[in-house]
Amino acid sequence: MTFTDSTIAPREYYESWTLIQYCINIKRMTYKQILTDTTSEQNVTQEMMKWYEENKSKRTTSYWQ
């Protein structure tokens with residue numbers, strides 16, 4: 040992933056950032072809840088992809104606000 044200032048982030052960072060954004064903005068989890076949640080990263084990824092497929096036709100930036 041390349042940012043506008045030409046710096047690069049590793050793919051792992053981007054994937055982790057995406058999962059955290061999903062947990063905070065879509066699942067409405069708090070930071071503390073994320074830290075104590077025992078759900079595997081794989082399960083959260085599958086859940087996020089399912090959410091994406093169900094909502095991709097109505098995607099807007101309002102999901103992330």
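Numbering-wise (my numbering), the sequence shown opens with residue 40 and increments by one.
C-beta atoms are modelled at their ideal positions from N, C-alpha and C, and glycine is treated no differently.
- So what does DSSP say about residue 57, is it helix, strand or coil? Residue numbering aside, residue 57 sits at position 18 when the sequence shown is read from its first letter. When DSSP states are grouped into helix, strand and coil, residue 57 belongs to the helix group.
- Query: If you drop the 5 nearest sequence neighbours on each side, which residues of the same chain put their C-beta closer than 7 angstroms to that of residue 85?
  - Reply: Taking the sequence shown and counting its residues from 1, the one referred to as residue 85 is at position 46. Cβ neighbours of residue 85 within its own chain (closer than 7 angstroms, five residues either side excluded): none.
- Determine the contact status of residue 53 and residue 40, defining contact as a CB-CB distance below 8 angstroms. Here residue 53 is taken as the residue at index 14 of the sequence shown, counted from 1. Here residue 40 is taken as the residue at index 1 of the sequence shown, counted from 1. Yes. Within cutoff.
- Report the residue from 80, 88 and 90 whose alpha carbon sits nearest the alpha carbon of residue 51. For the purposes of this step, residue 51 is taken as residue 12 along the sequence shown, with counting starting at 1. When only C-alpha atoms are compared, the closest one is 80.
- Query: Beta-carbon separation of residue 88 and residue 58 under 8 angstroms?
  - Reply: What you label residue 88 is simply residue 49 of the sequence shown in a count that begins at 1. What you label residue 58 is simply residue 19 of the sequence shown in a count that begins at 1. Not a contact, by the Cβ cut-off of 8 angstroms.
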